[in-house]
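In the working numbering, the protein residues as written are 673 to 1495.
Even glycine gets a Cβ: it sits at the ideal position worked out from N, Cα and C.
All figures in this text were calculated on a predicted structure; none of them were measured in a lab.
Shown next, in structure tokens, is the structure this report addresses.
Right under this line is the structure:
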């Protein structure tokens, strides 16, 4: 203990005598540890910690392989017949209108089966949750509030339980309030934003397909495994398909642990960023090791004298590692502060569209501090061990003899420094290659044509409650009147309506029959994405007409139905024909295949009713699922012939569309004072949100790569400068004997080029080996894209050449008299 205390005192004295070295080393370590700690805190909360449900490891998400949601019929049979699952619950997200007091507002709601909270194993903070009696058709008019909504709307009133809340013109009794942070990840892998939970009555309905509108989560029975659940549900599904023909006959059921489903869409991006910041920490360690290396080389005479006086190798190594540990500890303490500051700044500024599960729980807590402690110790070993071992193994006779002879004994230090530079260049190459691929991928993705114009378009949404707008005539009347009022406003060019906006990832699909063609098997029937549009929707969105015509006012509810299809649908089912005039019969009930909000916001056509008419036009393709998702074959139904309760109004304006938002929103209130308006924003925001994750990932990784490049250049500059200092007398002799400046310049830069080439070779090999790991983040770019890799090699080579040139130029200008006099 006395020796350790002595080493600590010596390390502190030594470091305080070289404040420049100490500050540079601590700052480099602090930034590296701070970035690593900040990213680990995110990875820990999002990827590593279990979900905040009771026995969350036994919760399973169930969905079809098609990616759609599930039908009530399949859910009901699975729940009743399965033995591998203790119970199953389902829900769908909806929007309801709150009109009990004050200004009417739209509220985000999850409509759930009554056993929802029991399956998840989460009790209420206040009151109770829904009473589950096993029969999911037994529903009471009740509601459970989220913690945030309870605070915002009711000021955290503890007497809220038992009060009434009016949603969609229906009175419900508030029975409970959930704990803060209670949420669940949906099939679309976006955080549920439910402000209220409402029970819905499960009506199994038909079983024409597995696809529907329900999210399904189940709890495994004791001793059951996910594989057993998968096999059991597959057997039940095959039994259903044998009894009832299904369009989804080729679909399969996916049984996925809820935690895996929750983090699936962000796992790869977070791991790549965490690996990148880890590489940055290694580069920082290498740079600090270079600093320590040069400092140790300058102290070699002192170390040799101590060895000659009896100091053991172990004692010298321990002393220098103690010095490294002091530096790393100071950097670690500052790094924790940097991490906390980074989280406080970065997390609230994550762009919309980059959804992080449990983002509100991310903080620097005990687990993160423990991780920082481990990283600090590892950092001290990484940058302190090689220099200390190298110095301890040097023969004191050669060092002390070198002082009188004037010869350099720095070849050993140069070898160590060269190894550090090679590793730095290799790591920087990997990081630059990854960043280059992501930046190029984002550039390619951002230039994709979504199929519509995003400039000068305002969007807003209003959802008509079924209790008040029960008939198709009432919905149609409201929608048409609203469009007429907005169309008359100044600076409005075109206005239209649609059930679901492109890029919103919501919508519905339906099967259809082409008259004149054989029906074939149900599973082979044509299927298309369905969008219900009104007004001048195509003109407002800038969707081009390819052939035929748009809908007009002459197409009314009393005339024969007409349809507009997109190029994708035309090419798929009429590859060598003109579809204009083709007669089609659609399954007008979207409920079995809906992939959006729920059956209460889909088509108002009666279940089982068919919609028959002809194709009148073909328009351009539109991307519904996102910029990286290929366009879906789409048919457009006319609002006057197939109304929908959810109305998304799109208005193309002259000038800034947001400036007209209050005026346009006011038209809804003038038609119905109790009808709220929500989600008022520019259309371009949807595209921006869709690009948020690739943009954010590319920017962060690009920043890390720039820092890595800077660290590698500084490290190379330092080792070349150290080499010049070691060979100062030799260079003077060369110049005195007639060596030209160009000869000296080439001699010094040659070492830098060799080190750089070796690092580039190793780095490219690593980048090629790791390329497939990031393929899930790339769009339109191969993981082994030669142009990107060549650009990285060229750029890094130019930077390192410049870093080598600066000390080499100084060496070429050495005065031989000064160099020889230094003896």
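Exercise for the section: Measure the C-alpha to C-alpha separation of residue 1213 and residue 1353 and round it to an integer number of angstroms. Expected result: Annotation: residue 1213 to residue 1353 spans about 14 Å, alpha carbon to alpha carbon.
Exercise for the section: Scan the stretch 1303-1387 and note each continuous alpha helix (DSSP H) run of 4 residues or more that stays entirely inside, going in chain order. Expected result: Whole alpha helix (DSSP H) segments, 4+ residues: 1333-1343 and 1356-1362.
Handout entry: Cut-off 7 Å between Cβ atoms - residues of its own chain near residue 1033, not counting five sequence neighbours on either side
Key = For residue 1033, where only same-chain residues beyond five positions count, the Cβ hits under 7 Å are 717 and 853.
Practice task
Return the first residue and the last residue of the alpha helix (DSSP H) that residue 757 is part of.
Solution key: Counted as a single uninterrupted DSSP element, the stretch harbouring residue 757 is not any alpha helix (DSSP H) but the beta strand (DSSP E) occupying residues 757-770.
Problem - Of the residues 944, 910, 713 and 830, the one placed nearest residue 1442, counting alpha carbons only - result: Nearest option by C-alpha distance: 944.
Handout entry: Member of 804, 807, 1013 and 798 whose CA lies at the smallest distance from the CA of residue 830
Key = That would be 798, whose Cα lies nearest to the Cα of residue 830.
Problem - For residue 1220: DSSP bridge partner residues - result: Partner(s): 1289.
Practice task
Indicate whether at least one CB of chain D lies closer than 7 Å to the CB of residue 756.
Solution key: This model lacks chain D altogether, as it is built from one protein chain only.
Problem - beta strand (DSSP E) segment containing residue 779, residue limits - result: Its beta strand (DSSP E) spans residues 777-784.
Practice task
Taking 8 Å as the threshold, find out whether the stretch 1088-1100 comes into contact with the stretch 1412-1422 through three or more Cβ pairs.
Solution key: Short answer: they don't touch.
Handout entry: Boundaries of the beta strand (DSSP E) in which residue 1428 is found, first to last residue
Key = That residue, residue 1428, is in no beta strand (DSSP E); its alpha helix (DSSP H) goes 1413-1442.
Problem - Test item: CB-CB of residue 760 and residue 751 under 7 Å - result: Between residue 760 and residue 751, the C-beta spacing is below 7 Å.
Practice task
Less than 8 Å between the CB atoms is what I'm expecting for residue 1256 and residue 1185, so what's the real figure, rounded?
Solution key: Their Cβ separation, rounded to whole angstroms, is 7 Å, which keeps residue 1256 and residue 1185 in contact under 8 Å.
Exercise for the section: Excluding the 5 residues preceding and the 5 following residue 764 in the sequence, name in chain order all residues of the same chain whose CB lies nearer than 6 Å to its CB. Expected result: Within its own chain, the residues whose Cβ lies closer than 6 Å to the Cβ of residue 764, once the five positions on either side in sequence are excluded, are 783, 885, 886 and 1270, listed in chain order.
Handout entry: Member of 1106, 1331, 1142 and 734 whose CA lies at the smallest distance from the CA of residue 1457
Key = It is 1106.
Exercise for the section: At 4 residues or longer, and completely inside the stretch 1092-1166: list those alpha helix (DSSP H) runs for me, N to C. Expected result: With a minimum length of 4 residues, the continuous alpha helix (DSSP H) runs that stay inside the stretch 1092-1166 are 1144-1159.
Exercise for the section: Count the CB pairs spanning the stretch 774-791 and the stretch 867-875 that are closer than 8 Å, and state whether there are at least three. Expected result: A contact between stretches requires three or more CB pairs, one per stretch, nearer than 8 Å, and the stretch 774-791 meets this requirement with the stretch 867-875.
Handout entry: Distance between beta carbons of residue 1170 and residue 1202, contact taken as under 8 Å
Key = Rounded to the nearest angstrom, the Cβ distance from residue 1202 to residue 1170 is 11 Å, too far for a contact under 8 Å.
Practice task
Within the same chain, show all residues whose beta-carbon is closer than 6 Å to that of residue 842, passing over the 5 residues directly before and after it, in chain order.
Solution key: Cβ neighbours of residue 842 within its own chain (closer than 6 Å, five residues either side excluded): 1139.
Problem - Candidates 679, 1241, 1472 and 946: closest to residue 664 by CA position - result: Only positions 673 to 1495 of the chain appear in this structure, which leaves residue 664 out of reach.
Problem - Which residues DSSP lists as bridging residue 1187, in chain order - result: As DSSP reads the structure, residue 1187 sits in no beta bridge.
Problem - Rounded straight-line distance, which links the Cα of residue 1182 to that of residue 748 - result: When rounded, the distance between both Cα atoms is 22 Å.
Practice task
Reducing DSSP to helix, strand and coil, say where residue 917 ends up.
Solution key: In this structure, residue 917 counts as coil in the three-state DSSP scheme.
Problem - Alpha-carbon spacing of residue 1272 relative to residue 1112, whole angstroms - result: Only weak support exists for where residue 1272 lies, its pLDDT of 36 falling under 50; the value from the coordinates is given anyway. Taking the straight line from one Cα to the other gives about 42 Å.
Practice task
Compute the distance between the beta-carbons of residue 898 and residue 732, then report whether it is under 7 Å.
Solution key: The answer is yes: Cβ separation under 7 Å.
Exercise for the section: Find out if the Cβ-Cβ distance for the pair residue 1480, residue 1417 is shorter than 7 Å. Expected result: Cβ atoms of residue 1480 and residue 1417: closer than 7 Å.
Handout entry: Coarse secondary structure for residue 708, derived from DSSP in three states
Key = Helix, per DSSP.
Practice task
Can you grab the Cα-Cα spacing for the pair residue 677 / residue 1027, in whole Å?
Solution key: Those two C-alpha atoms are separated by around 49 Å.
Exercise for the section: Out of 1439, 1384, 1451 and 710, point me to the one whose CA is closest to residue 1016's CA. Expected result: Looking only at 1439, 1384, 1451 and 710, the smallest Cα-Cα distance to residue 1016 is reached by 710.
Practice task
Please report how far the alpha carbon of residue 1349 lies from the alpha carbon of residue 1304, in whole angstroms.
Solution key: So the alpha carbons of these two residues sit roughly 29 Å apart.
Practice task
Inspect the beta-carbon positions of residue 1293 and residue 1211 and report whether they are closer than 7 Å.
Solution key: No.
Practice task
Alpha carbon to alpha carbon, how far is residue 1297 from residue 1120? Give it in angstroms, no decimals.
Solution key: Each residue's Cα considered, the two are about 13 Å apart.
Handout entry: Close Cβ partners of residue 1308 (< 6 Å) along its chain, the five nearest in sequence each way excluded
Key = Cβ neighbours of residue 1308 within its own chain (closer than 6 Å, five residues either side excluded): 1203, 1205 and 1236.
Problem - Distance between residue 1315 and residue 1143 (C-alpha atoms, nearest Å) - result: About 10 Å.
Exercise for the section: Using beta-carbon positions only, say whether residue 737 and residue 926 come within less than 7 Å of one another. Expected result: Yes; because the gap between Cβ atoms is below 7 Å, this pair is in contact.
Practice task
Closer than 6 Å by C-beta to residue 1133: which residues in its own chain qualify, once you throw out the five before and the five after it? Chain order, please.
Solution key: So the qualifying residues of the chain are 1320, 1350 and 1351.
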